[in-house]
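What follows is a single structure, written as structure tokens, with notes after it.
Numbering (my numbering), first residue to last: 1 to 49.
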């Protein structure tokens, strides 16, 4: 499954430098993972009062 927009990544690379894209993507994915975990934990607390 290809979920990464390669055109957007190329544009971002032009704006911030290609070497910085993997670092930024890693930070973003880490934040997204933490957010998903927080949502899952909050749903468990709601479902189990």
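Beta carbons: idealized from backbone N, C-alpha and C, even for Gly.
The Cβ atoms of residue 32 and residue 24 lie no closer than 9 Å to each other. Taking 9 Å as the cut-off, the Cβ atoms of residue 21 and residue 29 do not count as close. Residue 14: member of the alpha helix (DSSP H) spanning 6-16, first to last residue. CA-to-CA, the gap between residue 5 and residue 39 works out to about 25 Å.
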